[in-house]
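I have placed the structure first, in the form of structure tokens, so that the comments after it can refer back to it.
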Amino acid sequence: MSNVCVSVPELQVMNDGWRKPFRQACDLIAPVWPLDQWIAVNSFWGLRHLPASRADQVLGERGGFSMLMPTEYYREAWEGGRIREEDLQASIAERGDERNIAWYLDWLGRNPSTAAPLRSSILDTYKDASGDDEGAGLADTACDQVSRVCGAFFDQRQGRWSAAGDNTDTSLFQFWLESIRQDLSLDFSTGLKGARAFFKTLPDDMDEAILDAIKRIHVSGEELEALCHSLLLKVNGWASWCRGEDWRAGLEGRSSDRCSEILAIMLVWECAGVAFASTGQKAEWQKQRARARRSGDHDNRSRLWVWQRAFEIGYQRSLWRALAAVPERQPASDPESETPVAQAVFCIDVRSEVMRRHLEYVLPGVQTLGFAGFFGMPIDHQPHGPYAPTRRLPGLLPASYRLIDTRGSLREDLAQNRSRDQREIARESVRKAKYTSLSTFTLVETTGLAWAWKLVKDSLKKGHKAREEEGVEGRLVHNHGGDPLSDAEKVALAANMLRGMSLTRGFAPLLVLVGHGSHTDNNPNQAGLDCGACGGQSGGVNARLAARLVNDPQVRAGLAAEGIKIPDFTWALAAEHCTATDKVTIADRHLVPDSHVQKLADLETGFEEAGIRVRKERATPLKLNGLDDENLKQAMETRTRDWSEVRPEWGLANNAAIIFAKRDKTRGCNLSGRVFLHDYDPELDNDGGLLEALLAAPMVVANWINLQYFASVTVPGVYGSGNKLLHSVVGGNVGVVEGNGTHLRIGLPLQSVHDGTYWRHEPVRLTVLIDAPAERIESVLHKQPDVAALVENQWVSLHRMTDNGAERYDNGSWIAVV
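Letter by letter, the sequence shown follows residues -11 to 806 of the numbering used here.
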């Protein structure tokens, strides 16, 4: 166990060999975001360069789990009619399989057992103290130790002393190394005599420690990448957090290598496992590595993918049927004019589909549109007070601008900042007092009565936490440098937004930009119910900023010069749709011209009537059937204030498709709240630039959401955050653990996808349907490698609208499906 010295020339030579597989292993891990900025992430994003079925095999070999549901799930879907004979036949035909339906039914009925998971790490060969559990022991000990260190290192709020100190450049690896060398109980907890002494012999430099570990383990190339990936999957939650730190740093132009640091830690643990392993353990480990190279239970997995695809074809069958039932074009305007009475632009979020459908029913003269809910405003929002700016844009994009709240004068801004500073100082004093050594004996007794009334109100569901979102006025400046935007830059922002939603003509008197958010109490997962396009925040701030730009006379003049002529009678305003109560609230009513007050009143009546209909549709999945309109509304509002409610709403559960087309193609269809709807007019996009932007951004975001929900259902132990009732928040906003555990849980809680009896989300890959010429879509695939990877590797199912139905893209060909 002596240290291995490596000469400088040898070190440089080895550097050329290990860095690439080391980096590739890190890139296979998808990033995650903090709780207060939580956005859905494609859990398999790092594997998008592989066919989905091959990625499933890789995860089975390296992580010991499958991306798919167990066979019982597909058997129930077959027996319940969710998968029909024609669906299974179509799936078999897509694969080009010679076996028939009877063979697959027989295979499913035999309930084939999956092979034992592969163990590519030597840590898995160590049994626990009782000697009974092959999968426990040193592997669990190592993962728990690394997780505890990560929890301390990344804690930004709950710990009274910052583990990393004031130096933001502190290395996670160095912090871990110091911690493990000071752990006097290490020999006992690992069951390895001399473990602490071993870690003391390691090089202090991370690169040297990595090289030392690789040399001891005797692994290189693809095998090194596989081992590193396997080790990261053991601490997938914290590895994903580290990957997110790197991702966000890159968006801000900073350098970060946290994922490499946690991988180095796990690799050193693997090295320790090799150093202390017996001859028998090493032999068993070699067998496992050889088995992994030969691949595992691939036959059963490939057959299960046939059933998964049949399940997805079953959903697509219902989608084609709904689209085929589009009624004749309803008049979207007064019969004497082609101008709609109002235009309401909603986020593409699947929850908006339900509201749009009912609003169009109760107010036929309205035109609704779908657009990404940040309304093309790539901003950080700086509120008054001592708070960090909040990102309000998709996680894929960097924030180019900053919106700074202002009361309109420097004096008022200073007063507001001072007030909020004092309030936060008081709150921080209470937080610090809670964690002092004597607080157990003094704080409860002295402050308990002060909190009693609040506890009573909360228990009676009388309290309500209102959002503090001002932004009626705001200074829009560049994020770097702080210079205000020029008129030309403001025009470009507004023009890109209007072109992105295919709205460059035919403006209505009222143009309402409807952001969305969700109001709940005592919910660490609150951001997951808000607008993902706004970085896990509500969309009101973005909507207000966008409306202000559209109303700016100088911006309108600039837009007219670019061919977008907004009539003088058009007034833009913002609104927010609460997805928990389906109430739409208009912002800045006092700014609406007198000439538009009655029009706004009529629209608000339409929103109210639509909300009633939406709540009735949502009542069944929320188990609120049988209530009249007023009591149903009250019940849903009560859920937002109930601090014991684990399912205030279903969020984006059951999302399944995204459609890029004019609303005429889908208006009047009941899409069951399962479809993202983004307006796209192919006649306004001759060069295909708009379609390229839509597929590279909104489609990718929809894919992230879709596969986040998918993974939280199919692999809840790895990509789901577990039981809400057991959650403890760690690090302020870092994430959650279950109970007194140390492993960071990512993804969606069980209660967000399961109602206690049934899964509320059907795990299907995203169906993408586009109204555009085939060559235009193919051109985008050639220009956008990430989009092409998602399509060609079957992470999404790509289709286009035709006069006769729809066609599916398959390896460069278009095949009619309906």
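Glycine residues also receive a C-beta, built at the ideal position from the N, C-alpha and C atoms. This structure is a prediction, so every number in the text was calculated from the model and none was measured.
Nearest-angstrom Cα separation, counted from residue j out to residue i
{"i": "V338", "j": "D393", "result": "30 Å"}
{"i": "A607", "j": "L736", "result": "22 Å"}
{"i": "Q274", "j": "T113", "result": "11 Å"}
{"i": "V(-6)", "j": "R184", "result": "Only weak support exists for where V(-6) lies, its pLDDT of 45 falling under 50; the value from the coordinates is given anyway. If you take the alpha carbons of V(-6) and R184, they lie about 22 Å apart."}
{"i": "I647", "j": "I250", "result": "40 Å"}
{"i": "P497", "j": "Q331", "result": "8 Å"}
{"i": "R788", "j": "Q739", "result": "35 Å"}
{"i": "S118", "j": "G125", "result": "Only weak support is given to the placement of S118: the predicted model assigns it a pLDDT of 43, under 50, and the question is left unresolved by the model."}
{"i": "E637", "j": "G505", "result": "12 Å"}
{"i": "T573", "j": "H37", "result": "43 Å"}
{"i": "D774", "j": "E795", "result": "22 Å"}
{"i": "E86", "j": "Q77", "result": "11 Å"}
{"i": "E564", "j": "D667", "result": "19 Å"}
{"i": "Y697", "j": "H749", "result": "7 Å"}
{"i": "A320", "j": "F299", "result": "With a pLDDT of 45 at A320, under the threshold of 50, the predicted position of this residue should be treated as unreliable, though the coordinate-derived value follows. Their Cα atoms are separated by approximately 36 Å."}
{"i": "D154", "j": "R415", "result": "Interpretation of D154 is limited by its pLDDT of 45, a score under 50 that renders its predicted location unreliable; no figure is taken from the coordinates."}
{"i": "K270", "j": "H507", "result": "55 Å"}
{"i": "G373", "j": "P366", "result": "22 Å"}
{"i": "L16", "j": "L35", "result": "6 Å"}
{"i": "G225", "j": "P541", "result": "49 Å"}
{"i": "G90", "j": "G68", "result": "Reading off the sequence shown, one finds Ala at residue 90, where the question assumed Gly. Looking at the two C-alpha atoms, the distance is approximately 17 Å."}
{"i": "L180", "j": "F187", "result": "12 Å"}
{"i": "D322", "j": "G516", "result": "Caution applies to D322, whose pLDDT of 45 falls short of 50 and renders its modelled position unreliable; the model cannot decide the point."}
{"i": "D743", "j": "V634", "result": "10 Å"}
{"i": "N(-9)", "j": "A197", "result": "Model confidence at N(-9) stands at a pLDDT of 43, short of 50, so the residue's coordinates are unreliable; what they give is reported in the following sentence. Going from the Cα of N(-9) to the Cα of A197 covers about 10 Å."}
{"i": "L255", "j": "D94", "result": "44 Å"}
{"i": "D759", "j": "L190", "result": "60 Å"}
{"i": "H286", "j": "S108", "result": "17 Å"}
{"i": "Q622", "j": "F362", "result": "29 Å"}
{"i": "D798", "j": "R408", "result": "57 Å"}
{"i": "N792", "j": "I71", "result": "24 Å"}
Identity of the residues DSSP links to residue i by a beta bridge
{"i": "W747", "result": "H742"}
{"i": "Y707", "result": "According to DSSP, which records beta bridges pairwise, Y707 is partnered with nothing at all."}
{"i": "W802", "result": "Y797"}
{"i": "G826", "result": "Nothing about residue 826 can be read from this structure; the chain reaches only from -11 to 806."}
{"i": "G358", "result": "F334"}
{"i": "C519", "result": "Q525"}
{"i": "I498", "result": "With the sequence shown as reference, residue 498 is identified as Leu, and Ile is not the correct amino acid for it. W559, per the DSSP bridge assignment."}
{"i": "G723", "result": "V718"}
{"i": "Q269", "result": "DSSP, once it has assigned bridges, lists no residue as partnering Q269."}
{"i": "I205", "result": "Note: I205 sits in no beta bridge, so no partner."}
Whether residue i touches residue j by CB criterion (8 Å)
{"i": "A483", "j": "L547", "result": "yes"}
{"i": "R50", "j": "A214", "result": "yes"}
{"i": "L679", "j": "R764", "result": "yes"}
{"i": "P19", "j": "S228", "result": "yes"}
{"i": "R390", "j": "V465", "result": "yes"}
{"i": "R344", "j": "T327", "result": "no"}
{"i": "N511", "j": "C522", "result": "no"}
{"i": "C335", "j": "K222", "result": "no"}
{"i": "M489", "j": "F359", "result": "yes"}
{"i": "S135", "j": "T730", "result": "yes"}
{"i": "E605", "j": "V342", "result": "yes"}
{"i": "G594", "j": "L769", "result": "no"}
{"i": "K587", "j": "V354", "result": "no"}
{"i": "D673", "j": "K650", "result": "no"}
Member of the options whose CA lies at the smallest distance from the CA of residue i
{"i": "G520", "options": "R463, L620, W21", "result": "W21"}
{"i": "R814", "options": "I205, R291, H286", "result": "There is no way to answer for residue 814, as the model of the chain reaches only from -11 to 806."}
{"i": "E592", "options": "R577, E605, E726", "result": "R577"}
{"i": "D128", "options": "K115, S632, G139, H584", "result": "K115"}
{"i": "W6", "options": "D195, A762, E633", "result": "D195"}
{"i": "A644", "options": "S388, R236, L778, L754", "result": "L754"}
{"i": "L96", "options": "G353, W295, S244, F141", "result": "W295"}
{"i": "S306", "options": "G727, V784, V752, L659", "result": "L659"}
- Message: Under 8 Å, with one C-beta from each stretch per pair, do the stretch 48 to 62 and the stretch 702 to 712 reach the 3-pair mark?
- Response: yes
- How about the stretch 676 to 690 and the stretch 381 to 388: do they share at least three Cβ pairs that are nearer than 8 Å? yes
- Query: Taking one C-beta from the stretch 21 to 40 and one from the stretch 717 to 725 each time, how about it: are there three or more such pairs within less than 8 Å?
  - Reply: yes
- Task: Report yes or no: do three or more beta-carbon pairs, one from the stretch 644 to 658 and one from the stretch 590 to 602, lie closer than 8 Å?
- Result: no
- Is it a yes or a no for the stretch 249 to 264 touching the stretch 201 to 213, going by three-plus beta-carbon pairs under 8 Å? yes
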